[in-house]
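Protein chains in written order, with our numbering: chain A, 19 to 357; chain B, 19 to 357. A short worksheet on the structure shown next.
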DNA sequence: TTGTACGCGTTATCAA
DNA sequence: TTGATAACGCGTACAA
């Protein structure tokens with residue numbers, strides 16, 4: 019009733035265990051007749067290899083981990099899907115681990131320091147390499163530095179930390195945010211509120227891009243902290259540019275709703291917008307090319323694992339996939355500021 | 019630059035590798051002085067145990083898997099959270115694997131037969147046991163039977179397959195559905211549409227419970243297939259009882275909206291209702307006790323793994339945690355059928 | 001084409 | 001309290 023091992027098959031077939039090992043894995047250095055017989059027997063008595071033993075002996079798990087904060091957003095699903103697909107292409111299996119303390123993990127635990135647990139486990143021989151989407155707004159260099167020191171191949175996806183030397187795959191954020199700003203102006207914005215900036219390198223790049231474009235267009239703008247004082251100077255039609263609907267636009271909206279609703283509004287965000295543009299007339303969305311990003315990240319990781327030479331630069335920027343514009347279906351009869 | 023092994027520490031400390039092994043794990047059969055010294059060195063040179071080797075030698079991974087279709091619904095998150103917590107209580111780590119082909123997996127793959135892959139991997143020595151929430155409406159007995167034959171401890175959670183002998187933790191569905199029906203009648207329903215039934219044991223239990231309660235109340239009712247003919251006989255106020263908002267109520271609604279909207283509506287569902295009751299006046303929700311279910315399932319699994327005697331019955335039914343009733347905030351001026 | 005023998009990193013069983 | 005040695009199940013040079 020115990021599990022079937024190579025040994026059992028070897029005894030039944032009257033061959034050596036190493037022959038069985040080869041036959042099972044389809045190694046061609048074994049006579050077709052013996053191979054067939056062995057495979058048949060193996061199938062019949064329900065042999066399944068012990069992955070632990072196989073990986074320990076082979077020194078590789080053919081497994082990579084994708085570690086990300088959560089699966090809340092649609093982009094997360096896209097990252098996961100494409101990464102997993104790409105891993106399979108190279109005959110690797112992708113595991114997903116979530117590290118958001120508000121959420122739970124594939125390696126779940128209710129301690130607040132869940133992230134450490136996952137990373138620790140990752141370097142304990144359970145995986146060959148790691149693709150990480152780091153936490154926004156927190157500096158993980160210490161933790162991740164340890165991974166690097168343990169020689170566990172590591173690639174950043176989307177967001178990243180400056181101090182490490184591992185490859186980074188991210189969006190061409192400067193250009194994307196600039197285009198977002200330009201489109202807002204083209205849609206009639208008389209002033210811009212830039213919510214980007216400060217959180218992390220990605221957010222900072224977006225701020226730079228948006229600011230440059232706005233300055234070039236000669237349109238008045240301000241950052242969030244200046245809104246109470248400078249909102250009036252932005253004119254009747256205000257575009258609000260932020261990284262995401264849920265984490266930047268909506269909080270901003272609830273905080274400043276009283277003043278904002280006297281203006282015509284345009285929102286500019288990354289990734290996606292759920293539901294109607296309301297209270298804006300229009301939403302402009304910069305859709306990141308998650309599929310391509312994930313594929314590239316996985317490819318780089320596997321190259322690292324297999325010690326293939328990487329001819330590309332460390333920082334790889336993928337252009338945004340497309341810009342979507344959505345106009346309100348329902349016209350809301352709101353007064354427009356005329357000051 | 020290679021990874022530190024027990025061997026390295028042994029050489030440095032001038033003791034045997036087995037002593038190091040004991041010291042690292044806090045075994046008390048080692049002199050405190052030696053233990054401290056060893057642990058100090060280990061810490062210093064960054065030793066981390068190789069989990070593969072440890073598990074192979076120990077014959078256990080202290081790991082269990084929770085395999086479920088997806089994380090779409092809120093209940094899924096609750097299951098995961100509580101299961102993970104309970105696993106940690108017993109010093110196990112919980113891994114989550116998703117097997118819905120429309121979704122992706124923790125063990126991700128884009129083949130349609132993802133589920134097999136996950137289950138296959140599970141029996142390959144990577145985990146000590148499995149809690150499974152099976153797919154609705156599909157018979158997995160063949161696949162899962164194989165798991166049972168491989169002697170991998172297995173517990174069903176929520177939904178289940180009759181043919182296997184493993185423990186099942188589910189909701190007291192008969193009673194819950196009956197109470198749902200009773201509350202619908204108490205809320206003024208003159209007739210009931212029962213959407214439960216046919217999909218799986220859970221759904222079937224709910225059908226039985228709802229039907230019994232409705233018959234006892236002497237209120238006319240019908241199943242989905244009879245709606246076109248019998249809707250009129252249900253009177254002006256119709257309660258629609260189904261397992262979930264997204265997978266039973268909404269499809270039903272879109273299919274029969276023309277006729278339905280001439281009635282006053284009440285919805286009865288399990289788990290949760292998102293948004294307004296509209297187009298119903300009222301929604302009654304039977305909230306399953308996911309936390310308790312998950313905890314109990316994990317406990318049973320661990321007992322199975324550790325071969326503790328199970329004194330409980332095979333089928334464990336947890337009562338619903340609570341019933342919520344939500345009335346429409348906005349009164350929709352819809353005509354009510356009077357025939 | 002097949003078998004021998006060793007290694008993977010750790011735990012566990014004996015003796016000492 | 002320690003150390004030698006055998007597992008754990010499999011992969012793989014090397015030899016035959």
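All C-beta atoms in this analysis are idealised placements derived from N, C-alpha and C, irrespective of residue type, glycine included.
Strand pairing of residue 115 of chain A, partner residues [DSSP]
The sequence position of residue 115 of chain A within the first chain is 97, counting from 1. Its beta-bridge partners are A/85.
Does the distance from the C-beta atom of residue 39 of chain A to that of residue 313 of chain A stay below 7 Å?
Numbered from 1 along the first chain, position 21 holds the residue referred to as residue 39 of chain A. Numbered from 1 along the first chain, position 295 holds the residue referred to as residue 313 of chain A. No. Outside cutoff.
DSSP beta-bridge partners for residue 282 of chain B?
Sequence index remark: in the second chain, residue 282 of chain B carries index 264 (1-based). According to DSSP, residue 282 of chain B bridges with B/255.
Using beta carbons (cut-off 7 Å, strictly below), is residue 315 of chain B in contact with chain A?
Numbered from its first residue, the second chain carries residue 315 of chain B at position 297. No, residue 315 of chain B does not count as interfacial toward chain A.
By the 10 Å Cβ neighbour count, where 16 or more other Cβ atoms means buried, how is residue 337 of chain A classified, buried or exposed?
Here residue 337 of chain A refers to the residue found at position 319 of the first chain. Exposed, by the Cβ-count rule.
Would you grab the beta carbon distance between residue 181 of chain B and residue 284 of chain B for me? Rounded to a whole angstrom, and I think it's under 8 Å.
Working through the second chain from its first residue, we reach residue 181 of chain B at position 163. Working through the second chain from its first residue, we reach residue 284 of chain B at position 266. Residue 181 of chain B to residue 284 of chain B, Cβ: 37 Å. No contact.
Evaluate the contact criterion for the region 136-155 of chain A versus the region 319-326 of chain A: three or more CB pairs, one atom per stretch, below 8 Å.
yes
Please classify residue 266 of chain A as buried or exposed, where buried requires at least 16 neighbouring CB atoms within 10 angstroms.
For this step, residue 266 of chain A is matched to residue 248 along the first chain. Result: buried.
Can you give me, in chain order, the residues of the region 59-73 of chain A that have a beta carbon less than 9 Å from any beta carbon in chain B?
64, 66, 67, 68, 69, 70, 71, 72, 73
Inter-residue Cα distance where the pair is residue 297 of chain A and residue 142 of chain A
Here residue 297 of chain A corresponds to residue number 279 of the first chain, with the count starting at 1. Here residue 142 of chain A corresponds to residue number 124 of the first chain, with the count starting at 1. Answer to the nearest angstrom: the Cα atoms are 50 Å apart.
Where residue 358 of chain A falls, given that 16 or more other Cβ within 10 Å makes a residue buried
Here chain A comprises residues numbered 19 to 357, so residue 358 of chain A is not present and cannot be evaluated.
Report yes or no: do the region 82-97 of chain A and the region 39-50 of chain A share at least 3 C-beta pairs separated by less than 8 Å?
no
Please report the residue range of the beta strand (DSSP E) in which residue 172 of chain A lies.
One-based indexing of the first chain puts residue 172 of chain A at position 154. Per DSSP, residue 172 of chain A belongs to the beta strand (DSSP E) from 172-175.
Could you name the residues of chain B that residue 89 of chain A contacts, counting a contact when the two beta carbons are closer than 9 Å?
Along the first chain, one-based indexing puts residue 89 of chain A at 71. Ordered by position in chain B, the residues that pass the 9 Å Cβ test against residue 89 of chain A are 89.
Whole angstroms is fine: what's the gap from residue 74 of chain B's alpha carbon to residue 65 of chain B's?
Locating residue 74 of chain B in the second chain gives position 56, where the first residue counts as 1. Locating residue 65 of chain B in the second chain gives position 47, where the first residue counts as 1. Using only the alpha carbons, I get a separation of about 19 Å.
Distance CB(residue 259 of chain B)-CB(residue 212 of chain B) smaller than 7 Å:
Here residue 259 of chain B refers to the residue found at position 241 when the second chain is read from its first residue. Here residue 212 of chain B refers to the residue found at position 194 when the second chain is read from its first residue. Yes, these two residues count as a Cβ contact at 7 Å.
Pairwise C-alpha distance: residue 278 of chain A and residue 216 of chain B
Your numbering for residue 216 of chain B matches position 198 in the second chain. Your numbering for residue 278 of chain A matches position 260 in the first chain. Residue 216 of chain B and residue 278 of chain A: Cα-Cα distance of roughly 53 Å.
Would you call residue 32 of chain A buried or exposed, if buried means 16 or more other Cβ atoms sit within 10 Å of its Cβ?
On the first chain, residue 32 of chain A is found 14 positions in, with the first residue counted as 1. Exposed: under 16 other Cβ atoms inside 10 Å.
If contact is defined by three or more beta carbon pairs under 8 Å, each pair taking one atom from either stretch, is the region 285-305 of chain B in contact with the region 238-250 of chain B?
no
Helix, strand or coil, according to DSSP, for residue 333 of chain B in the structure here?
Along the second chain, one-based indexing puts residue 333 of chain B at 315. Correct three-state label for residue 333 of chain B: strand.
Residues in its own chain within less than 7 Å of residue 134 of chain B by CB, not counting five upstream and five downstream?
Start at 1 with the first residue of the second chain, and residue 134 of chain B comes out as number 116. Cβ within range, chain order: 161.
Just verifying my parser: in three-state terms, what is the DSSP assignment at residue 207 of chain A?
Indexing the first chain from 1 puts residue 207 of chain A at position 189. It is coil, neither helix nor strand.
Could you tell me which residues DSSP puts in a beta bridge with residue 304 of chain A?
As a position in the first chain, residue 304 of chain A is number 286, starting the count at 1. For residue 304 of chain A, which the question treats as bridged, DSSP gives the partners A/288, A/341.
Looking only at its own chain, which residues have a Cβ that is under 8 Å from the Cβ of residue 201 of chain B, when we skip the five neighbours before and after it?
Translated into positions along the second chain, residue 201 of chain B becomes position 183. 286, 302, 341, 343.
Assign residue 197 of chain B to buried or exposed, taking buried as 16 or more other Cβ atoms, counted over all protein chains shown, within 10 Å of its Cβ.
Residue numbering aside, residue 197 of chain B sits at position 179 when the second chain is read from its first letter. When all chains shown are included, residue 197 of chain B counts as buried.
Between the C-alpha atoms of residue 183 of chain A and residue 219 of chain A, what's the straight-line distance to the nearest angstrom?
Start at 1 with the first residue of the first chain, and residue 183 of chain A comes out as number 165. Start at 1 with the first residue of the first chain, and residue 219 of chain A comes out as number 201. Straight-line Cα distance between these residues: approximately 15 Å.
Within 8 Å of chain A by C-beta, residues of the region 140-152 of chain B in sequence order:
141, 142, 143, 144
Using alpha carbons as the reference points, say which of A/59, A/210, A/80 lies closest to residue 238 of chain A.
Sequence index remark: in the first chain, residue 238 of chain A carries index 220 (1-based). Selected option, being the one with the closest Cα: A/210.
Residues of the region 293-315 of chain A with Cβ closer than 7 Å to any Cβ of chain B, in chain order:
none
Quick one: residues in its chain with C-beta nearer than 6 Å to the C-beta of residue 300 of chain B, no 5 flanking neighbours on either side, listed in chain order?
Here the question's residue 300 of chain B lines up with position 282 in the second chain. Contacts found: 205, 284, 345.
Would you tell me roughly how many angstroms separate the C-alpha atoms of residue 140 of chain B and residue 271 of chain A, rounded to the nearest one?
Position 122 of the second chain, counted from the start, is the residue given in the question as residue 140 of chain B. Position 253 of the first chain, counted from the start, is the residue given in the question as residue 271 of chain A. Their Cα atoms are separated by approximately 47 Å.
Checking 7 Å against the spacing of the C-beta atoms, do residue 186 of chain A and residue 333 of chain A come in under that value?
Residue mapping note: residue 186 of chain A aligns to position 168 of the first chain, counting from 1. Residue mapping note: residue 333 of chain A aligns to position 315 of the first chain, counting from 1. Closer than 7 Å, so yes.
Determine the chain B residues that contact residue 21 of chain A at a beta-carbon separation under 9 Å, and present them in chain order.
As a first step, residue 21 of chain A must be located in the first chain, where it is residue number 3. Ordered by position in chain B, the residues that pass the 9 Å Cβ test against residue 21 of chain A are 141, 143, 168, 169.
Since residue 281 of chain A and residue 256 of chain A should fall inside the 8 Å C-beta cutoff, what is the C-beta to C-beta distance between them, to a whole number of angstroms?
If you number the first chain from 1, residue 281 of chain A lands on position 263. If you number the first chain from 1, residue 256 of chain A lands on position 238. Between residue 256 of chain A and residue 281 of chain A the Cβ distance is about 5 Å, and since that is below 8 Å, they are a contact.
Going by other Cβ atoms of all chains shown within 10 Å of its Cβ, with 16 needed for buried, is residue 358 of chain A buried or exposed?
A question about residue 358 of chain A goes unanswered here, because the residues of chain A that appear run from 19 up to 357.
Check this for me: beta carbons of residue 308 of chain B and residue 53 of chain B, under 7 Å apart or not?
If you number the second chain from 1, residue 308 of chain B lands on position 290. If you number the second chain from 1, residue 53 of chain B lands on position 35. No, the pair does not count as a contact, with Cβ atoms beyond the cut-off.
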